[in-house]
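Inspection log for the structure reproduced underneath, given as structure tokens.
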Amino acid sequence: MGFKGIVVTDALDMAGLTRLYANDIGRAAVESFKAGNDVLIIPADLDASYRAMVQAVRSGEISRPRLDESVLKILELKASLGLNKARLVDPAQLSSLIAKPENLAVGQRIADEAITLVRDNGKVIPLQNSGASPGTPQAGLPYQSLTETTNRLVAVIFSEDMRTDSGRMLERQILARVPDARVIYVDARSATGMKAPVLEAVEAAERVIAAVYVVPTAGKAMRAAGGGLTNTVAMDDATGSLLSAILDHAASRTVVLAMGNPYVVQDFPAIQNYLCAFSNASVSETAVVKAIFGEIPIAGRLPVTIPGIASRGESLERPTRPISFQPSSGGSSHVQPKDVQP
178 MGFKGIVVTD ALDMAGLTRL YANDIGRAAV ESFKAGNDVL IIPADLDASY
228 RAMVQAVRSG EISRPRLDES VLKILELKAS LGLNKARLVD PAQLSSLIAK
278 PENLAVGQRI ADEAITLVRD NGKVIPLQNS GASPGTPQAG LPYQSLTETT
328 NRLVAVIFSE DMRTDSGRML ERQILARVPD ARVIYVDARS ATGMKAPVLE
378 AVEAAERVIA AVYVVPTAGK AMRAAGGGLT NTVAMDDATG SLLSAILDHA
428 ASRTVVLAMG NPYVVQDFPA IQNYLCAFSN ASVSETAVVK AIFGEIPIAG
478 RLPVTIPGIA SRGESLERPT RPISFQPSSG GSSHVQPKDV QP
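Shown next, in the form of structure tokens:
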């Protein structure tokens, strides 16, 4: 493939690999190196892996030039970072090296261009700004809003845990545009108890945003469902039930935002408006709000196939909102091959 960088394994102590090499655990390192990896991390048995690698080189199973190739790549990368001269980080320099405006600008541009529209019924997007200037949230004390909320725009944020930061930037961006929007957070513990007030708000709303934060989490256990195991990046039963209820009451007025897993739509065929941000990072939260308010063009393409929904490379493209927006084709649209431009 012409890749010139360093190839790094995942953890070599994973059960699938250790079971395969249970009788000779050092071979896992040898075979991984022969497969093209330059760096072998977290072997199940460091001493056995080291001895197996040394033996493989001495016997000629791994050639000296092949070993030198990986070692040279690693040394060159270290040298390019000056690690041969200064191996320690200077904390005083972090503020000038990390999160510089130009870095953040690149991240925001990437997030903006990644937003992908998969379904659009022509009735929701773009949402209308109610007069506040984007990026200028209303002033107020923490936990004390000076703006009375209404049900004109309701945003329901589905997160793994309401105590995390998921949805906070999304909320700020929405309120900067619609100060009286009602934002409701739910998670697996609260979804059942929140169902009645959430549906009451949804029933009265003109437009609904359902932001689904389902992202891969290291160490998260698979959960049982119907006698089997369920994907760790699927919605919990309680939050999934609430989203289904929202769609039952207001599918045509609801836009669902996939803030991580793009496959969420597979479990909810009633979704009529669906955007993928592919990430829960703050730049992605900002980007998806700009997209649904028509402030940036939507031109992302699916990097994967969502079985039964859309194929890799497909998308619906939308321009920046003009002064007077008219939905394209005058009605509902889902991703179809004809929407894809070469």
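When we follow the numbering used here, the leftmost residue of the sequence shown carries the number 178, and every step to the right adds one. C-beta atoms are modelled at their ideal positions from N, C-alpha and C, and glycine is treated no differently.
Backbone CA spacing between residue i and residue j [nearest angstrom]
i      : j      : result
Val392 : Ala458 : 11 Å
Leu452 : Pro278 : 27 Å
Ala464 : Met178 : 32 Å
Pro499 : Leu194 : 55 Å
Gln270 : Gly477 : 36 Å
Ala276 : Ala288 : 15 Å
His426 : Met371 : 15 Å
Glu351 : Ala415 : Note that residue 351 corresponds to Ile in the displayed sequence, not to Glu. Distance between the alpha carbons of Ile351 and Ala415: 25 Å.
Gly471 : Ala368 : 30 Å
Ala221 : Ser247 : 21 Å
Phe445 : Leu197 : 38 Å
Asn280 : Lys255 : 22 Å
Ser257 : Ser456 : 30 Å
Asp201 : Arg286 : 48 Å
Asn261 : Thr293 : 43 Å
Proximity of residue i and residue j at Cβ, strictly below 8 Å
i      : j      : result
Ile581 : Pro303 : In this structure the chain extends from 178 to 519, so residue 581 is not present and cannot be described.
Leu434 : Ala454 : yes
Val389 : Met339 : no
Val385 : Val331 : yes
Pro356 : Ser307 : yes
Phe210 : Met230 : yes
Val266 : Val432 : no
Val333 : Val363 : yes
Ala378 : Arg366 : no
Gln443 : Gly485 : yes
Leu189 : Ala205 : yes
Leu376 : Ala422 : yes
Arg235 : Gly203 : no
Cβ separation of residue i and residue j, assumed to be a contact under 8 Å, to the nearest whole Å
i      : j      : result
Ser418 : Gln449 : That belief does not hold up - the Cβ atoms of Ser418 and Gln449 are roughly 19 Å apart, past 8 Å.
Ala225 : Val207 : In fact, because the Cβ distance is near 11 Å, the residues do not count as touching under 8 Å.
Tyr440 : Ile483 : 6 Å
Gly213 : Val184 : 6 Å
Glu520 : Arg329 : Nothing can be reported for residue 520, as the shown portion of the chain is limited to 178 through 519.
Residue environment, residue i, which counts as buried when at least 16 other CB atoms sit within 10 Å
i      : result
Thr497 : exposed
Gly259 : exposed
Leu217 : buried
Gly182 : exposed
Leu347 : buried
Arg264 : exposed
Leu554 : In the structure as shown, the chain starts at 178 and stops at 519, and residue 554 therefore has no counterpart that could be examined.
Ser240 : exposed
Ile251 : exposed
Ser336 : buried
Ala387 : buried
Val283 : exposed
Leu249 : exposed
Asp297 : buried
Ser272 : exposed
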